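S.K.: Please find one structure pasted underneath; my questions will follow.
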Amino acid sequence: MSGNANQKMKILYLMKIFLDETDEAHPLTIKELVAKLDRYNIQAERKSLYNDIEHLRLFGIDIEKTSAGVCAYYVAGRTFELPELKLLADAVQSSRFITHKKSTELIRKIGRLTSVYEARRLNRQIYLANRVKTMNESIYYHVDHIHSAIEQNRQITFRYFEWVVDFQQPEKVRRQFRKNGEAYCVSPWALSWDDENYYLIAFDNDSGQIRHYRVDKMASIALLDKPRCGQVHFQQFDLGVYAQKMFSMYGGREETVTLKLQNELIGVILDRFGSQISISKCDNEHIYVRLRAVVSPPFIGWLVSLGSRVTVTEPASLVQAVQGTLKDILKAYEAK
13 MSGNANQKMK
23 ILYLMKIFLD
33 ETDEAHPLTI
43 KELVAKLDRY
53 NIQAERKSLY
63 NDIEHLRLFG
73 IDIEKTSAGV
83 CAYYVAGRTF
93 ELPELKLLAD
103 AVQSSRFITH
113 KKSTELIRKI
123 GRLTSVYEAR
133 RLNRQIYLAN
143 RVKTMNESIY
153 YHVDHIHSAI
163 EQNRQITFRY
173 FEWVVDFQQP
183 EKVRRQFRKN
193 GEAYCVSPWA
203 LSWDDENYYL
213 IAFDNDSGQI
223 RHYRVDKMAS
233 IALLDKPRCG
243 QVHFQQFDLG
253 VYAQKMFSMY
263 GGREETVTLK
273 LQNELIGVIL
283 DRFGSQISIS
293 KCDNEHIYVR
303 LRAVVSPPFI
313 GWLVSLGSRV
323 TVTEPASLVQ
333 AVQGTLKDIL
343 KAYEAK
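Under the numbering used here, think of the first position of the sequence shown as 13, with each following residue one higher.
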């Protein structure tokens, strides 16, 4: 690129320098700005830079001048402040459905929204914890495909798998496709982030029921030229209520459950089921709570985890299921 062409790009490179290399702790003097522009083969006079800085301010770049000591300039305000970027970076890193590789890429891109100095503080967060992550690198693109299908009102097909131990190599796991690898055909209606996993909420065309699928266990997603089915099932569908009733998005039958619990556990119940519950007094230390829940192994496991502070009073079938689970646990720990 010729020097003259570079001169026409001067204000753009100046904006890049300000956005990438300045913040309140790292201002640049006019002399330093001249030197940095020289790296791009751009000659700049001190007087012209004052005009350029003013033009950048009029454009909307929040450039401030230091109030004490040597006169220097820096970007004071950005679209995202550092605490907000840290929050985004931590959300990306803690999300199980985003792989380690994609987390690193996304945090690096988030870092471009601030100076190189503050971006380093985001990059260090990558190594704060060795969190469990999905092993399906394609999930990032699966989510995009599903969103596209919902927007375009189209059905999708995919193959669904689970992780199993490879008995030929017991130290390894492998994918095993359900239905012998046969494709599922569903009408996607919503995506839900529940229990640190992404789920597709869809209408199953074969069974005529609402089903959900772990997105990180889907493969070979393709959009069909067929309009979605099941609209009548989703006219009154409330995703929040649906997620509250499910535990780890595990299927089961929905029932009215009555629990007897210690008073101080009401917060635990509200966190899980919201305010759409019925409460009545049992005695000075206990209350009864009636709620709707999908009875499943994860739900029973959740009840067991609360110990003796919670007991099921209705339905009788759930009481028996909890008793059976406790007996199985005790039997597993009995001395051989």
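Think of the CB as a built atom: it goes at the ideal place given N, C-alpha and C, for glycine as much as any other residue.
In this text, all values refer to a predicted model and were calculated from it rather than measured experimentally.
(1) Which partner residues of F189 appear in the DSSP bridge assignment?
(2) Considering P239, what are the terminal residues of the alpha helix (DSSP H) in which it resides?
(3) Under 8 Å, with one C-beta from each stretch per pair, do the stretch 102-120 and the stretch 57-65 reach the 3-pair mark?
(4) For a test of the three-state rule: what should DSSP assign to P200, helix, strand or coil?
(5) So which of V128, V198, L282 has the shortest CA-CA distance to D35?
(6) Could I get the ranges of all uninterrupted alpha helix (DSSP H) runs contained in the stretch 53-82, with 4 residues as the minimum, in chain order?
(7) Who are the Cβ neighbours of S115 in its own chain at under 6 Å, not counting the five residues just before and after it?
(8) Would you mind stating whether R171 and T126 have Cβ atoms separated by less than 9 Å?
(9) Between N142 and the rest of its own chain, which residues show a CB-CB distance below 7 Å, the 5 nearest in sequence each way excluded?
(10) For A161, count the other beta carbons within 10 Å of its own beta carbon; 16 or more makes it buried, fewer makes it exposed. Which is it?
(11) Under 9 Å, do G123 and A101 count as touching if we go by C-beta distance?
(12) To which residues of the same chain is R265 closer than 8 Å at the C-beta, ignoring the five residues directly before and after it?
(13) Take the Cβ of A131 as the centre, count every other Cβ of all protein chains shown within 10 Å, and call the residue buried at 16 or more, exposed below.
(14) In terms of residues, what are the limits of the alpha helix (DSSP H) holding S106?
(15) Mapping the DSSP letters down to three states, classify E194 as helix, strand or coil.
(16) Please report the residue range of the alpha helix (DSSP H) in which E33 lies.
(17) With a CB to CB cut of under 6 Å and the five nearest residues on each side skipped, what residues in its chain are close to Y152?
(18) What are the start and end residues of the beta strand (DSSP E) that includes G89?
(19) Less than 9 Å between the C-beta atoms of I168 and L235, yes or no?
(20) With distances taken Cα to Cα, identify the nearest neighbour of Q288 among L330, L303, H298.
(21) Does DSSP classify Q332 as helix, strand or coil?
(22) By Cβ distance below 6 Å, which residues in the same chain neighbour D64 in space, the five residues on each side in sequence not counted?
(23) Just the Cα atoms here: how many angstroms apart are S239 and W201?
(24) Return the first residue and the last residue of the beta strand (DSSP E) that V324 is part of.
(25) Under DSSP, the beta strand (DSSP E) around A214 begins and ends at which residues?
(26) Excluding the 5 residues flanking V322 on each side, which residues of the same chain have their C-beta closer than 8 Å to its C-beta?
(27) In terms of DSSP beta bridges, what is Q243 paired with?
M.R.: The structure says:
(1) F173
(2) Segment 230-239 is the beta strand (DSSP E) holding P239; no alpha helix (DSSP H) there.
(3) Taking a contact to require three or more Cβ pairs closer than 8 Å, the stretch 102-120 and the stretch 57-65 do not qualify as touching.
(4) strand
(5) Minimum Cα distance to D35 is reached at V128.
(6) 58-71
(7) V104, Q105
(8) no
(9) Only weak support exists for where N142 lies, its pLDDT of 44 falling under 50; the coordinates are left without a value.
(10) buried
(11) yes
(12) V306, V307
(13) Result: buried.
(14) 94-106
(15) coil
(16) 22-33
(17) Excluding sequence neighbours, Y152 sits near K114.
(18) 85-89
(19) yes
(20) L303
(21) helix
(22) Here the set comprises I23, L26.
(23) Residue identity check: residue 239 is Pro in the sequence provided, not Ser. Near 12 Å, if we compare the C-alpha coordinates of W201 and P239.
(24) 322-326
(25) 209-216
(26) L271, K272, L273, Q274, L277, L315
(27) The partner list for Q243 (beta bridge, DSSP) is empty, contrary to what the question assumes.
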